[in-house]
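What follows is a short report on a single structure.
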Amino acid sequence: MPFFLQPHAARATGRGEILEPVPLQHLPWALLIHPGFPSPTAQAYTNYSKQPGPGNEGRPLLLTQMNGSALTIHPRNDLERAVESRFLWIRAAREWLQIQPNVLAARMSGSGSTVFAILNSEVEAVRVAEAARTHLGNEAWMKVAQLISGLE
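In this text, residue positions in the sequence shown follow this note's numbering: the first is 13, and each later residue adds one.
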């Protein structure tokens with residue numbers, strides 16, 4: 013949750029509670045999808061405690077920082093397996109997002125139930141959102157937004 017409340021792109025470490033600002037040259041776009049049902053945080057951690065371990069890393073996400081240096085991020089959410097075993101919709105939506113053209117990364121946010129995709133442009137994000145509406149249905153809430161640096 014705090015990730016979406018920060019006024020800048022950030023790299024999360026630890027359990028996701030340590031946020032480090034990452035000033036980027038090119039700010040990617042995100043497609044957020046909420047299925048219309050909650051994923052209780054306490055239940056996510058209970059399920060995780062039964063089979064703890066790191067989540068699967070997504071494809072490497074290559075970004076360029078303001079200083080010109082490359083930043084490689086391996087998107088991962090350790091709670092995905094615990095939540096997706098209980099809510100198959102979340103897994104199906106995330107896996108569907110991952111195979112869409114131009115999607116750089118697709119993950120579940122925090123303990124769910126929101127999933128998101130990262131894309132290079134608004135046009136790409138809108139196109140995936142339109143396809144998601146057809147594929148996932150009208151009950152899901154969707155929002156396209158550009159990541160912000162918070163450094164303007």
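We treat Cβ as the ideally placed atom computed from N, Cα and C, and that holds for glycine.
- Item | Nearest neighbour of M224, chosen from E92, N59 and L36 [CA to CA] | With the chain covering only 13 through 164, there is no way to say anything about residue 224.
- Task: In angstroms with no decimal places, state the Cα-to-Cα distance between I102 and Q55.
- Result: So the two alpha carbons sit approximately 15 Å from each other.
- Task: Determine the closest residue to V138 out of L83, E92, L148 and A157, with distance taken between C-alpha atoms.
- Result: Measuring from the Cα of V138, the nearest candidate turns out to be A157.
- From M154, H46, T126 and G65, residue whose alpha carbon lies closest to that of G26: If we check each option's Cα against that of G26, G65 comes out closest.
- Return the bridge partner residues of A24 from the DSSP annotation. L31.
- Query: Where DSSP assigns a beta bridge to H46, which residues make up the other side?
  - Reply: Beta-bridge analysis with DSSP links H46 to W153.
- Starting from the Cα of T58, find the closest Cα among H38, V95 and T84 and give me that residue. If we check each option's Cα against that of T58, V95 comes out closest.
- Below 6 Å CB to CB, which residues in the same chain sit around R23 once its five sequence neighbours on both sides are set aside? E32 and V34, listed in sequence order.
- Boundaries (first-last residue) of the beta strand (DSSP E) holding I130: Residues V127 to L131.
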